[in-house]
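Below you'll find the structure, written out as structure tokens, and then a few comments.
Protein chains in written order, with this note's numbering: chain A, 1 to 216; chain B, 1001 to 1216.
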């Protein structure tokens, strides 16, 4: 039952991401990308709507037709991120090797976070998660949803006997999410974290954390 | 030769941290803590000197005697962080079990990052590392120095035959630093990452990444 719920949830989000883009969507995306560049330069709090207008090369009147406030732009970017993020959870739905599926998901997530502006945006949003605002709550909800999907995936693997059922699953999932977020952050400053250099290590770490047999 | 260089470097920093605090130091620290709370609330860019004065309950005249600018306060906080950070590298100097030393260092780092304001500050500083300013450069230098200390520690262990010499050490160190930074970030929002719940997992992950025998 959980499987189906997870699967439906993700496919709805994937479907939303696949819908063809209208001229209006395109314009919105143009503004969101301009805003992301501004946020990367000077953070959410300091960026003004005027700066976003300048970066998007649009008049305030034109821009306000799409977004009423900076907060509305941030919200739209976060929703977008959320859809992309859920897309990367797809490998968890395939019945197959636990570690392979986990690694595939992580790699899809890293790939998605390589687009310019994604990492600074993630840091901003994470910082907001530690504060008490709408953006922070949105982020924490998304984190909780991702964690739930991974948790279901882990439970199914434990039920099948694929992983050690006695392992502290919550802590193990927390460690893997910490590793994933840490890799995204560091990739921007650490050239050693190229996908092909870390793939096998990631698999070995997953095996270690979930009490699977040593693979090397 | 490397050992001695690392050892001296760290002991100089530890000595600096041990020096008894004067009344002036105490006042500076009071201002720095007030500034950290402001940065946690609204970020480096938006925080003004007036806000820091209000938070520290000091007049601008009094505060300016200690710090000429917001940038000078940030720099002082970063230097402080740097000294604390180097203190946590001490376990790497003890000749003993590779994984135990690594875990002890990580745990000391997590402990140090538990003080209020440390995680929001780390996110701000990391975001600055992706930008092109003085704070960012300072942060990147510190990262490079920590990496060098860990790298020396890994080289010595490889020379002794304690870890697999054929492992991609740079990628392995990058993975461990990513994990450490990710744990610090997530600890603020994920109660499963308590020290006692993750210690054994961390050890298993280090063993896996550095090609050491399975310990469970």
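We put the CB at the ideal spot given by N, CA and C, even for glycine.
Check: Contacts that residue 1172 (chain B) makes with chain A (C-beta to C-beta distance below 7 Å); Outcome: 201
Check: Entirely enclosed alpha helix (DSSP H) segments - the stretch 83–168 of chain A, minimum 4 residues; Outcome: 98–112, 118–129 and 134–160
Check: Distance CB(residue 199 (chain A))-CB(residue 103 (chain A)) smaller than 8 Å; Outcome: yes
Check: Selected residue, minimal CA-CA separation from residue 1072 (chain B), among B:1035, B:1212 and B:1043; Outcome: B:1035
Check: Any C-beta of chain A under 8 Å from that of residue 1161 (chain B); Outcome: no
Check: Touch test, the stretch 1150–1167 of chain B against the stretch 1111–1124 of chain B, Cβ-Cβ under 8 Å, three pairs minimum; Outcome: no
Check: Enclosing alpha helix (DSSP H) for residue 1196 (chain B) [first to last residue]; Outcome: 1195–1209
Check: Any 3 or more C-beta pairs closer than 8 Å across the stretch 192–207 of chain A and the stretch 1023–1035 of chain B; Outcome: no
Check: Sub-8 Å separation of residue 143 (chain A) and residue 43 (chain A) beta-carbons; Outcome: no
Check: Burial state of residue 186 (chain A), where buried means 16 or more other Cβ atoms lie within 10 Å; Outcome: buried
Check: Within-8 Å CB hit, residue 1056 (chain B) to chain A; Outcome: no
Check: For residue 57 (chain A), three-class secondary structure by DSSP; Outcome: coil
Check: Cβ shell of residue 1053 (chain B) (< 6 Å), same chain only, five flanking positions each side left out; Outcome: 1060 and 1063
Check: C-alpha gap between residue 1089 (chain B) and residue 1177 (chain B), whole angstroms; Outcome: 13 Å
Check: Closest by C-alpha distance to residue 55 (chain A), when choosing among A:134, A:212, A:39 and A:153; Outcome: A:39
Check: Within 8 Å, strictly: CB atoms of residue 98 (chain A) and residue 164 (chain A); Outcome: no
Check: Neighbour flag for residue 1068 (chain B) against chain A, beta carbons, 8 Å; Outcome: no
Check: Interface partners of residue 1185 (chain B) on chain A, CB under 8 Å; Outcome: 126, 178, 181, 182 and 185
Check: Length of the line joining the Cα atoms of residue 1169 (chain B) and residue 1148 (chain B); Outcome: 12 Å
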